[in-house]
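Notes follow the structure.
There are 2 protein chains.
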Amino acid sequence: MSQPSSAVDRLLVDESGRRPRADARRNLERLVEAARIAVAEVGVGVSAHAIADRAGVGVGTFYRRIPSLQVLLETVLDEILDEIANVADRALEDPDPWHGLCVFAAAYVRLRAESCGVSEALGGACGDALAQRLTELRGRIRRLVERAQAAGAMRTDIIWQDVPFLLAAAATGEHTLGMQASDKQWERNLHIILDGLRPTPPSTLPGAAPA
Amino acid sequence: MSQPSSAVDRLLVDESGRRPRADARRNLERLVEAARIAVAEVGVGVSAHAIADRAGVGVGTFYRRIPSLQVLLETVLDEILDEIANVADRALEDPDPWHGLCVFAAAYVRLRAESCGVSEALGGACGDALAQRLTELRGRIRRLVERAQAAGAMRTDIIWQDVPFLLAAAATGEHTLGMQASDKQWERNLHIILDGLRPTPPSTLPGAAPA
DNA sequence: CGACAACCGGACAAGTTCTGTCCGGTTAAG
DNA sequence: CTTAACCGGACAGAACTTGTCCGGTTGTCG
Chain G
1 MSQPSSAVDR LLVDESGRRP RADARRNLER LVEAARIAVA EVGVGVSAHA
51 IADRAGVGVG TFYRRIPSLQ VLLETVLDEI LDEIANVADR ALEDPDPWHG
101 LCVFAAAYVR LRAESCGVSE ALGGACGDAL AQRLTELRGR IRRLVERAQA
151 AGAMRTDIIW QDVPFLLAAA ATGEHTLGMQ ASDKQWERNL HIILDGLRPT
201 PPSTLPGAAP A
Chain Y
1001 MSQPSSAVDR LLVDESGRRP RADARRNLER LVEAARIAVA EVGVGVSAHA
1051 IADRAGVGVG TFYRRIPSLQ VLLETVLDEI LDEIANVADR ALEDPDPWHG
1101 LCVFAAAYVR LRAESCGVSE ALGGACGDAL AQRLTELRGR IRRLVERAQA
1151 AGAMRTDIIW QDVPFLLAAA ATGEHTLGMQ ASDKQWERNL HIILDGLRPT
1201 PPSTLPGAAP A
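Taken in order, these protein sequences are the chains called G and Y. Be aware that the first sequence starts at 1, since it is given in our numbering, and climbs by one per residue. Be aware that the second sequence starts at 1001, since it is given in our numbering, and climbs by one per residue.
Put into structure tokens, the structure is as follows:
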């Protein structure tokens, strides 16, 4: 938010090594921050004009430093995916496997619930650009789940591939049947889902395992 | 699918009481069926041209009998919402309240998972057009949940408003982290969620109740 | 303080995609 | 066979989109 924002720096190191003017940097920071908010509220389909408007600058200013809309969106999303990966790494070091899984799950679902664009990106809406990140994250979730199962803290009739789908599920649904979800509906959803993951399986799971 | 389709009839009873030509009726049936499939695959954002193409007719034919794209979409969705309401009514007559809830939940989640457009409509994407239906459905779900709780078959720290969100959640997520969900992933999700709804609450639920 | 390069904003071009209309050619039905 | 109903798709026009360009402004440095 208020730190230098590596995204801004990444976008700033172009052309001759001259230091950019102060207003140029300020506007770029505004644009990146506006992009973050817009992506969260509107999703990856947000337009360049919409971001420029939010930042309080013209589109000309947008395209002066930003090569293309797509580059900006990928930069912003890549940063968030990095953050998620870090949370997963820390969770893997938790001495209590189940607690580690819960901590990661809460962070993951929160990020998805609070940013429409992050959900879309994790769902694969950004094509190959973020595919590498997604693969890495998948591996970390797999390890988190299998570690919890090995410790006897989780049902073993559930396979690790179910977990990403369940976490994605917990984060969705801002509106249903005309009801507006509270800010924390995702916490309630996640809580119930995690309860459903605990041992003592009440019955066998139907359907084939996902590919 | 192959029955006369009340939607077709509803669209056909216009202008002078003359019986329409056979080809006219055939094309309208094709259009309605194409709309159903297109709404399921693409969602309520599908275009009139896309539906006409799927039906194998021109757009002129589309607009000859159909007043507007919106009318067609609402007609198709209204029919499905009717079906859901009927399932709920039957579930309310089940002598076992928990079994009734499970049967309804499975049908509801299946319909949502199999039709992108139904999910959007239940999420409120169609504005006021379907608001009445949504309200009715809400009441039925409330009764199903409270009946199950009164019978002691379901945790009482969950409120009925949680259930529509949980069911919506179970149905979402065709892709996550680069993985393609199996046809029946929704069954696995729902199964785990229903397990989480059973009595013996492991802990208290965080967050405020939704409005 | 003055000069000037860097910067700014938004009108604009060019493209896409949408809904809905219109009309010349075709076909079902009495 | 006649004729009204029907068909298809070109078309109009509106509402978006991304990205460019240029006249006016401003930060920065000698």
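Using N, Cα and C, we set each Cβ at its ideal position, and we do this for glycine too. The model shown is predicted, which means the values in this text are computed figures rather than measured ones.
Show which residues of chain Y have a CB atom less than 7 Å away from the CB atom of residue i.
i                : result
Gly124 (chain G) : His1175 and Gly1178
Leu137 (chain G) : Leu1177
Asn27 (chain G)  : Within 7 Å Cβ-Cβ: nothing; Asn27 (chain G) doesn't reach chain Y, min ~34 Å.
Ala131 (chain G) : Gly1178
Apply the 10 Å Cβ neighbour rule to residue i and answer buried if 16 or more other Cβ atoms are within range, or exposed otherwise.
i                 : result
Tyr1108 (chain Y) : buried
Gly1173 (chain Y) : buried
Pro1067 (chain Y) : exposed
Gln1149 (chain Y) : buried
Gln1132 (chain Y) : exposed
Gly196 (chain G)  : buried
Arg1188 (chain Y) : buried
Ala22 (chain G)   : exposed
Arg1018 (chain Y) : exposed
Asn27 (chain G)   : buried
Asp89 (chain G)   : exposed
Gly100 (chain G)  : buried
Ser2 (chain G)    : Low confidence applies to Ser2 (chain G): its pLDDT is 42, below 50, so where it sits in the model is not reliable, and the reading given next is rough at best. Label assigned to Ser2 (chain G): exposed.
His49 (chain G)   : exposed
Ala1064 (chain Y) : Correcting the residue identity first, residue 1064 (chain Y) is Arg in this sequence and not Ala. Exposed: under 16 other Cβ atoms inside 10 Å.
Pro202 (chain G)  : Its pLDDT being 47, under 50, Pro202 (chain G) is placed unreliably in this model, and the value from its coordinates should be taken loosely. Exposed is the call here.
Val145 (chain G)  : buried
Ala1183 (chain Y) : According to the sequence shown, residue 1183 (chain Y) is Asp rather than Ala. Flag for Asp1183 (chain Y) reads exposed.
Asp157 (chain G)  : exposed
Asp162 (chain G)  : buried
So the alpha helix (DSSP H) residue i belongs to, where does it begin and stop?
i                 : result
Thr1135 (chain Y) : Ala1131 to Ala1150
Ile66 (chain G)   : Counting along the chain, Ile66 (chain G) falls outside any alpha helix (DSSP H), and DSSP gives it neither H nor E.
Gln1185 (chain Y) : Gln1185 to Leu1197
Ser119 (chain G)  : Cys116 to Leu122
Arg26 (chain G)   : Ala22 to Val42
Ala1153 (chain Y) : Careful: Ala1153 (chain Y) lies outside any alpha helix (DSSP H) and carries neither H nor E.
Pro1164 (chain Y) : Asp1162 to Ala1171
Asp53 (chain G)   : Ala48 to Ala55
Hey, would you say residue i sits closer than 7 Å to residue j, going by beta carbons?
i                 : j                 : result
Gly1043 (chain Y) : Gly1117 (chain Y) : yes
Ala55 (chain G)   : Ala34 (chain G)   : yes
Leu194 (chain G)  : Leu1137 (chain Y) : no
Ala171 (chain G)  : Trp160 (chain G)  : no
Ala1151 (chain Y) : Ala169 (chain G)  : no
Pro1097 (chain Y) : Arg1155 (chain Y) : no
Thr1075 (chain Y) : Ala1007 (chain Y) : yes
Ile192 (chain G)  : Pro164 (chain G)  : no
Ala1038 (chain Y) : Val1032 (chain Y) : no
Val1103 (chain Y) : Ala1091 (chain Y) : yes
Ala1121 (chain Y) : Leu1077 (chain Y) : yes
Leu1167 (chain Y) : Ala1085 (chain Y) : no
Residues of chain Y with a CB under 9 Å from the CB of residue i: which are they?
i                : result
Pro164 (chain G) : Gly1173, Thr1176, Leu1177 and Met1179
Ile158 (chain G) : Arg1188 and Ile1192
Gln149 (chain G) : Neighbours of Gln149 (chain G) on chain Y: none; closest Cβ ~14 Å, over 9 Å.
Please list the partners that residue i has in chain G, where partner means a Cβ-to-Cβ separation under 8 Å.
i                 : result
Leu1134 (chain Y) : Leu177 and Gly178
Ala1055 (chain Y) : Those do not exist, as Ala1055 (chain Y) stays about 28 Å from chain G at its closest Cβ, beyond 8 Å.
Gln1161 (chain Y) : Met179
How would you list, in chain order, the residues of chain G whose beta-carbon sits under 7 Å from the beta-carbon of residue i?
i                 : result
Ala1169 (chain Y) : Ala169, Ala170, Thr172, Gly173 and Asn189
Ala1153 (chain Y) : Chain G residues near Ala1153 (chain Y): none, gap ~12 Å exceeds 7 Å.
Strictly below 8 Å CB to CB, what residues from chain Y border residue i?
i               : result
Gln70 (chain G) : Correct list: empty, because the minimum Cβ distance to chain Y is about 19 Å.
Using a Cβ-based criterion (distance less than 6 Å to any ligand heavy atom), does residue i qualify as near the ligand PLP?
i                 : result
Ala1048 (chain Y) : With respect to the ligand PLP, the structure shown offers nothing to examine, as it has no ligands at all.
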